[in-house]
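Numbering (the UniProt record's numbering), first residue to last: 1 to 387.
Ideal Cβ placement from N, Cα and C applies to all residues, glycine included.
Below you'll find the structure, written out as structure tokens, and then a few comments.
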Amino acid sequence: MNGSQKNHWILEKYIFLEKMEEVIQAFQRLKKVQIGSGGGISRPTSPVNNSELLNGNAVLAAALQKRINRKRKGPPLENEDSQDGPTSLTAGPRQSGSMVSHHDDIVTRMKNIELIELGRHRIKPWYFAPYPQEMVNLDCIYICEFCLKYRKSRKCLERHLVKCNLRHPPGNEIYRKDNVSFFEIDGRKNKVYAQNLCLLAKLFLDHKTLYYDTDPFLFYQRVPHSWIFLQRKESTEDYNVACILTMPPYQRKGYGKLLIEFSYELSKFEGKTGSPEKPLSDLGLLSYRSYWAQTILEILLSMKPVGENEKPQITINEICELTSIKKEDVISTLQNLNLINYYKGQYIITLSKEIIQSHQKAMETRKIRIDPKCLHWTPKDWGKRAK
């Protein structure tokens, strides 16, 4: 002790660490590497007085950080195979959709789960998800493929499966054809299931922050858990998709495009055009542009001339009505394909042989399609219903 200044010491085990989130975040910010104006890398300057390190929040934060480091058995898994996401942890989250994460939330940029087991698949997560702390420290989280509840060991999961009453999502089956089945899940009526679904999805989405407030959303899920998407019950901008995800074991198999097609079939049943929440991520934009191009070209190539020696005629609005794709998306797709030309005072659509051949080749790979006859669904006016 020096003069009137007294340093009080307590044992680490008496510190209530569970409520120190704000302190540890402040401590992490102090440790962050700062980028200088000249492009060089510099670290924060040391405190002028060493006593600053022995007082206040710094001691508690240091103790908490020390305990966390002790609990970890090793460094986070690096991205090694095709199921892993981006390798860089320094890039900020993509700003996409209405549930974007915060720029200054460094925690959401760091993968905190090493491995999950879902059904017969073991998958390496890509991003942060706010699972309980006792789960984060495990080598693997075991997730029930029916109710999506998480367990700390396979033995615990086996005991849970004996008692689990679900064998499909807790919603209404609105589509079934062959092995493709879709369930509609109300985020308000099935809150726990929807929250568990959001936690699982967050492991593979770096730009969404929807964890607990699931009431305003409808979830559409294929059984088993290969792909999901959700949409708002009410959207003033006619968004028909708020978030879309294909689980890693089922990627590159055309299921993402099937999800997009299904969302537009729902828009057709509603009798309106729809569009995904924007701005889209890079991969999302590529997927949607591919779907829009194939769908619009399919309409154009199926058109018949009205009379002899006449070319088929169609308007942008008619394309929108036939596909439920919003007008701006139709126009941008035609422009990206360089199909619109100005000829003799009017705009015309011209299809080259290369475009037609490329389209036919792409359509050969789309073996699974949505059959509108197998969709049994009635749109709801959520503005007149209690949320």
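Cα-Cα, which of the options is closest to residue i?
i	options	result
residue 312	319, 318, 304	304
residue 133	281, 150, 363, 376	150
residue 123	198, 238, 332, 248	248
residue 287	306, 314, 245, 318	245
residue 204	170, 239, 243	243
residue 216	202, 206, 235, 223	235
residue 381	355, 232, 328, 357	232
residue 161	198, 281, 114, 144	144
residue 316	296, 266, 307, 308	296
residue 111	178, 373, 238, 206	206
residue 155	319, 285, 336, 140	140
residue 198	346, 131, 251, 166	131
residue 238	182, 266, 179	266
residue 253	116, 284, 368, 322	368
residue 372	309, 175, 327, 157	175
residue 119	138, 135, 158	158
residue 322	299, 251, 146	299
Could you check whether residue j and residue i sit closer than 8 Å to each other, using their CB atoms as the reference points?
i	j	result
residue 274	residue 263	yes
residue 200	residue 227	no
residue 196	residue 170	no
residue 376	residue 294	no
residue 301	residue 356	yes
residue 142	residue 202	no
residue 331	residue 292	no
residue 337	residue 350	no
residue 379	residue 219	no
residue 182	residue 168	no
Where does residue i sit, in a helix, a strand or coil, going by DSSP?
i	result
residue 359	helix
residue 336	helix
residue 292	helix
residue 53	A caution first: residue 53 carries a pLDDT of 39, below 50, which makes its placement in the model too unreliable to give a value.
residue 139	coil
residue 375	strand
residue 180	strand
residue 221	strand
residue 165	coil
residue 117	strand
residue 330	helix
residue 241	strand
residue 193	helix
residue 127	coil
residue 122	strand
residue 232	strand
residue 287	helix
residue 281	coil
residue 317	helix
residue 368	coil
Go ahead and label residue i buried or exposed: buried means 16 or more other beta carbons lie within 10 angstroms of its beta carbon, across all protein chains shown.
i	result
residue 341	exposed
residue 241	buried
residue 148	buried
residue 153	exposed
residue 186	buried
residue 343	exposed
residue 365	exposed
residue 329	buried
residue 222	buried
residue 277	buried
residue 307	exposed
residue 314	exposed
residue 284	buried
residue 173	exposed
residue 166	exposed
residue 114	buried
Taking the DSSP output, what are the residues bridged to residue i?
i	result
residue 246	227
residue 274	325
residue 343	346
residue 186	218
residue 173	183
residue 151	142
Consider the C-beta atom of residue i and the heavy atoms of the ligand ZN; say whether any pair is separated by less than 7 Å.
i	result
residue 356	Ligands in the displayed structure: none, and consequently the ligand ZN is not present.
Can a CB atom of chain D be found closer than 8 Å to the CB of residue i?
i	result
residue 363	In summary, chain D is missing from the structure at hand, where a single protein chain is found.
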